[in-house]
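If you number the sequence shown the way UniProt numbering does, the last residue is 484 and the count never jumps. Ideal placement from N, C-alpha and C gives every residue a C-beta, glycine not left out. Working notes, structure below.
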Amino acid sequence: MGLIVLGPLIQCVGGPRDRRLEIVPHACIHVGNDGVIESIEAGHHTHTDSEVSVLPTDSMTHYNSPDPQQQHTVVTVQWPQFIVPGFVDLHLHAPQLPQAGTQMHVPLETWLRETTIPREARFGNVEWAQKVWQKLVRKTLSNGTSTAVYFASKHAQSALLLAEECLQRGQRAFVGKVCMDNKDMCLCQATAQKDSSVSLSEPCVCTESTQESVEETRHFIQEMASLHNTQTNNNDPLVQAVITPRFVPSCSPELLTKLGQLTQEYKIHVQSHAWESDWQVLYGEETRNARDLDIFLSHNLVSPKGTVLAHAVHANDSEITRLAETGVGVAHCPLSNAFFANGIMPARLMLDAGVAVGLGTDIGGAWSASILDSCRQAITSSRILRDGVGKLRGGKPCEHAAEINHIDAFWMATVGGALALGRKGGIQVGAKFDALVIDVENESNIDYFHELDTPEDLFQKFVALGDDRNIRQVFVDGKCVLAK
1 MGLIVLGPLI
11 QCVGGPRDRR
21 LEIVPHACIH
31 VGNDGVIESI
41 EAGHHTHTDS
51 EVSVLPTDSM
61 THYNSPDPQQ
71 QHTVVTVQWP
81 QFIVPGFVDL
91 HLHAPQLPQA
101 GTQMHVPLET
111 WLRETTIPRE
121 ARFGNVEWAQ
131 KVWQKLVRKT
141 LSNGTSTAVY
151 FASKHAQSAL
161 LLAEECLQRG
171 QRAFVGKVCM
181 DNKDMCLCQA
191 TAQKDSSVSL
201 SEPCVCTEST
211 QESVEETRHF
221 IQEMASLHNT
231 QTNNNDPLVQ
241 AVITPRFVPS
251 CSPELLTKLG
261 QLTQEYKIHV
271 QSHAWESDWQ
281 VLYGEETRNA
291 RDLDIFLSHN
301 LVSPKGTVLA
311 HAVHANDSEI
321 TRLAETGVGV
331 AHCPLSNAFF
341 ANGIMPARLM
351 LDAGVAVGLG
361 TDIGGAWSAS
371 ILDSCRQAIT
381 SSRILRDGVG
391 KLRGGKPCEH
401 AAEINHIDAF
411 WMATVGGALA
421 LGRKGGIQVG
431 AKFDALVIDV
441 ENESNIDYFH
451 ELDTPEDLFQ
461 KFVALGDDRN
471 IRQVFVDGKC
481 VLAK
């Protein structure tokens, strides 16, 4: 059954270099049986540079279906409710939900070795994994995340359970079995180095051998392919596998080479971390005599399907240019960067260079599962980068245009994230209908004054003040998967 959605549409459109706000007070969106948007028509409205006049929904022009025999579900959205694209969370660690909001006062290396990686070892217990996955997918959907790019744990079976949970709840998801064979990156090795009574030959439960990592990744990809066969559209399945080397410090060159071979063999997406912190960048330079993008390229870990590198805080100008040239997307995680990255990612510089930049919540390097919080932090971080910190103490403003606004941030949260995955972003013909119905009158942080607030005002208020209470419905693949 097809879908027709009638109502105000607000979204950010364009490419990385020409982001802009689009307001259609009376849109008629026709969605086919396969969830693909077939047409978008505008109703009667007046529009000037300074004003958008919203007319009652019954002023919508009559819609003629291309196929009179086809039945449709009709959804009518009335102002001050409006339709926006679903959010794309380009980077989050599913096993880290239980630790979100804790242990954020320590350096990244310590945080990984002593808390994060040892806790992820628990996800070999499928009952524990299932409990966390259920809570996480429910939470992200409630916050409007129609597409999520997940790091699971090193356990193929648990990663498969996460994919199945996403499929059951209707969330579009890219799920990766995490790969890491460097035992120096775990608490077992760190403890052994501090305590001579601990044998270095004891099995490490946190990481895996190179062979195990490769075999488990292949097994996961094959199992995901079987899962694809249960989905409606095998050409564009709702859940997909993604090759996931955790990051350069956790993976041997041999493992990266073999994962690159799997990437080219199966032609699937890749995700990892890059240029995240001073420590991580120096590790690559000192142990591999190279920086992240060169390392990934040399191991064939840039996929034509789409490659997403999280953070990219310390990418230099030439690397930013090469990101655009190679089509590698960046997951901007501004909240976790404030704690672990030793810097601010130059989002505006990357966008202006043509890089497909999306947003990530990066649970549990950050505490919030809301992409709206990532929007706000991205805007705030860009102001700090623009102005510098502590001018009276020698801080200097950025030498290039650094500021991003609510339009830029929302573009990254929707279109940018989709482009990084090699997909059409936003609500446009040919894209999947992944969308949210927003209600600003619902009890929340937003105060609506109908005498004053224009559609652009309300959109800006939603970005600045909105939360899960304002998200009334979530559509993925043309289906309502959550209603409140």
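Counting pairs of Cβ atoms below 8 angstroms between the region 461–475 and the region 429–441, do you hit three or more? Flag = yes, the region 461–475 and the region 429–441 touch.
At which residues does the alpha helix (DSSP H) containing Cys166 begin and terminate? Per DSSP, the unbroken alpha helix (DSSP H) holding Cys166 starts and ends at Ala156 to Arg169.
Give the DSSP-derived three-state secondary structure of Val302 in the structure shown. Coil, per DSSP.
Do you know how far the Cα of Ala331 is from the Cα of Ser413? Reading off the sequence shown, one finds Ala at residue 413, where the question assumed Ser. Each residue's CA atom was taken as its position, placing Ala413 and Ala331 some 10 angstroms apart.
Mind pulling the beta strand (DSSP E) runs of 3 or more residues that sit fully within the region 354–378? Fully enclosed beta strand (DSSP E) runs of 3 or longer: 357–359.
Express the C-alpha separation of Ile23 and Pro56 in angstroms, rounding to a whole number. Confidence in Pro56 is poor, its pLDDT being 35 and thus under 50, which makes the residue's placement unreliable; the coordinate value appears in the next sentence. Separation of Pro56 and Ile23 (C-alpha to C-alpha, rounded to the nearest whole angstrom) is 16 angstroms.
Just the Cα atoms here: how many angstroms apart are Gly343 and Arg322? In this structure, the alpha-carbon of Gly343 lies about 21 angstroms from that of Arg322.
Same chain, Cβ closer than 8 angstroms to Asp352, five either side skipped, listed in chain order: A distance below 8 angstroms between beta-carbons, with the five flanking residues on each side excluded, links Asp352 to the following residues of its chain, in chain order: Pro16, Arg17 and Ala401.
On the three-state DSSP scale, how would you describe Pro85? Three-state result, Pro85: strand.
Limits of the unbroken alpha helix (DSSP H) element including Ser318: Looking at the DSSP string, the run of the alpha helix (DSSP H) that includes Ser318 is Asp317 to Thr326.
Residue interval of the alpha helix (DSSP H) (run including Lys479): Element bounds for Lys479: not the alpha helix (DSSP H) but the beta strand (DSSP E), Lys479 to Ala483.
Counterpart residues of Thr145 in DSSP-defined beta bridges: Thr145 has Phe87 as its beta-bridge partners, per DSSP.
Beta-carbon gap between Gly7 and Gln96 smaller than 8 angstroms: Their beta carbons are not under 8 angstroms apart, which means Gly7 does not touch Gln96 by this criterion.
Can you tell me the Cβ-Cβ gap for Val270 and Leu301, rounded? I've got them flagged as a contact below 8 angstroms. In this structure, Val270 and Leu301 form a Cβ contact; the two beta carbons are roughly 5 angstroms apart against a cut-off of 8 angstroms.
Is the beta carbon of Leu482 sitting closer than 8 angstroms to the one on Leu141? A contact, by the Cβ cut-off of 8 angstroms.
By the three-class DSSP mapping on this structure, what secondary structure does Asp195 have? Any reading at Asp195 must be qualified, since the residue scores a pLDDT of 41, below 50, and its modelled position is unreliable; the value itself is stated next. It is coil, neither helix nor strand.
Three CB pairs or more closer than 8 angstroms across the region 163–180 and the region 120–137: Judged by pairs of C-beta atoms under 8 angstroms, the region 163–180 touches the region 120–137, as three or more such pairs exist.
Start-to-end residues for the beta strand (DSSP E) that takes in Asp439: Note, Asp439: beta strand (DSSP E), Ala435 to Asp439.
Is Met350 near the ligand NAP, going by C-beta to nearest heavy atom under 7 angstroms? Ligands displayed in this structure: none; no statement on the ligand NAP is therefore possible.
The beta strand (DSSP E) with His450 in it runs from where to where? Careful: His450 lies outside any beta strand (DSSP E) and carries neither H nor E.
Distance, Val84 Cα to Glu456 Cα: Looking at the backbone, the Cα of Glu456 and that of Val84 are separated by about 13 angstroms.
Can you give me the Cβ contacts of Asp468 inside the same chain, cut-off strictly under 6 angstroms, excluding the 5 residues immediately before and after it? Within its own chain, the residues whose Cβ lies closer than 6 angstroms to the Cβ of Asp468, once the five positions on either side in sequence are excluded, are Ser142 and Asn143, listed in chain order.
In three-state DSSP terms, what is His93? Note: His93 maps to strand in three-state DSSP.
How would you call Ser201, buried or exposed, if buried means at least 16 neighbouring beta carbons within 10 angstroms? Any reading at Ser201 needs caution, since the residue's pLDDT is 46, under 50, leaving its predicted position unreliable; the model's value is listed next. Burial call: exposed.
Note down, one range per segment and in chain order, each alpha helix (DSSP H) of at least 4 residues found wholly within the region 266–302. Unbroken alpha helix (DSSP H) stretches of 4 residues or longer found wholly inside the region 266–302: 278–287 and 292–298, given in chain order.
Considering only DSSP beta bridges, list what Ala312 is partnered with. Answer is none; Ala312 lacks a bridge partner.
Using the rule of at least 16 other Cβ atoms within 10 Å of the residue's Cβ for burial, across every protein chain shown, is Ser151 buried or exposed? The identity of residue 151 in the sequence shown is Phe, whereas the question assumes Ser. Phe151 should be labelled buried.
Whole angstroms is fine: what's the gap from Thr287's alpha carbon to Ile295's? Thr287 and Ile295: Cα-Cα distance of roughly 11 angstroms.
Am I right that Ala156 and Phe220 are in contact with their C-beta atoms under 8 angstroms? What's the rounded C-beta distance? Right, their Cβ atoms sit about 4 angstroms apart.
Going by the CB atoms, is the gap between Trp133 and Ala94 shorter than 8 angstroms? Taking 8 angstroms as the Cβ cut-off, Ala94 and Trp133 qualify as a contacting pair.
Roughly how many whole angstroms lie between the Cα atoms of Asp434 and Leu372? Cα-Cα distance, rounded: 16 angstroms.
For Arg291, which residues of its own chain have a beta-carbon under 6 angstroms away from its beta-carbon, when the five flanking residues on both sides are left out? In chain order, Gly284 place their CB closer than 6 angstroms to the CB of Arg291, counting only its own chain and leaving out the 5 sequence neighbours on each side.
Might you give, ordered along the chain, the residues of its own chain that have their beta carbon closer than 7 angstroms to the beta carbon of Glu403, omitting 5 neighbours on each side? Annotation for Glu403: Arg348, Ser382, Arg383 and Arg386 place their beta carbon closer than 7 angstroms to its own, counting only its chain and skipping 5 residues before and after.
State the Cα-Cα distance for the pair Leu3 and Glu38, rounded to the nearest angstrom. The C-alpha of Leu3 lies about 10 angstroms from the C-alpha of Glu38.
Go to Thr76, then tell me how far its beta strand (DSSP E) extends in each direction, as first and last residue. That run of the beta strand (DSSP E) goes His72 to Thr76.
Just list the residues that DSSP pairs Gly2 with in beta bridges. BP columns for Gly2 point to His72.
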